[in-house]
Amino acid sequence: MASSIGPEWLLWLKHGPLTEIVRQWVWTYPLVEAVHLLGITLLVGSVAMFDLRLLGISRHLRVTDLAGHLLPWSYAGFGIVVLSGGLLFATDAPAIALNPAFRLKLVLIAATGVNAIVFHWFCYPSVQQWDRWVKPHPMVRGIAIVSLILWTAVIICGCLIAYV
Ligand code: HEM
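Quick look at the structure:
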């Protein structure tokens, strides 16, 4: 780790102006963590509701209507999670950057992105064929299951960061 990115960059983050503000008040860190959890609720909550529909639950609801309603909330949640997570990370960047749970979490987050891209590129264009009343085809359901498993794993890794 030290040789590729260099501790200076991580040390600068840890002692930077932003993290100094976090250290000013004992309640700031838990508040940022609460914001992180709120972002996760929005992001993973909206993604999970969409995945359950892709698995064929509530087929009376149009997939396109649900996508229109839930996607903006998942984007908002992702933004909140990345900003708050970045601040949590910065407070002890040199140590957290070496944390195996944190590293695995970032790999899993990237995998959720690839999974979502595969869905939008290869499945969603045919949505009119399975938009309502029809059981989505196996690839769609497979991607929904992978998404649910990956996001669960991201959350577990997030909870493990403080313990490994
Ligand atoms: C994108 C989806 C993400 C999810 C679902 C997620 C989930 C979680 C969860 C469940 C926790 C445990 C919170 C707790 O124990 O109270 C956590 C902690 C943490 N997350 Fe995230 N996170 C995400 C993204 C990020 C990102 C992008 C970063 C940093 C760049 C990050 C940095 C952290 C750190 C440093 C902690 C440890 C906080 C602590 O235990 O003190 N997270 N995350």
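In terms of the working numbering, the sequence shown opens at residue 3 and continues consecutively.
Using N, Cα and C, we set each Cβ at its ideal position, and we do this for glycine too.
As the structure is a computational prediction, the values presented were derived from the model and not from experiment.
At a cut-off of 7 angstroms, the beta-carbon of GLU35 counts as near the ligand HEM: some heavy atom of the ligand is closer than that. Here the alpha carbon of LEU73 sits roughly 35 angstroms from the alpha carbon of GLU22. Looking from the CA of LEU45, the closest CA among VAL116, VAL109 and PHE80 belongs to PHE80.
Per DSSP, the continuous alpha helix (DSSP H) segment holding PRO102 begins and ends at 102-120.
Per DSSP, SER60 lies in no alpha helix (DSSP H) and is assigned neither H nor E.
In this model, ALA78 and GLY88 are separated by some 15 angstroms (Cα to Cα).
When the five nearest sequence neighbours on each side are left out, no beta carbon in the same chain lies closer than 8 angstroms to the beta carbon of ASP67.
The C-beta distance from ILE111 to VAL156 rounds to 6 angstroms, short enough to fall under 8 angstroms. When rounded, the separation of the alpha-carbon atoms in PHE91 and VAL24 is 12 angstroms. Around the Cβ of PHE121, a 10 Å sphere holds 16 or more other Cβ atoms; the residue is buried.
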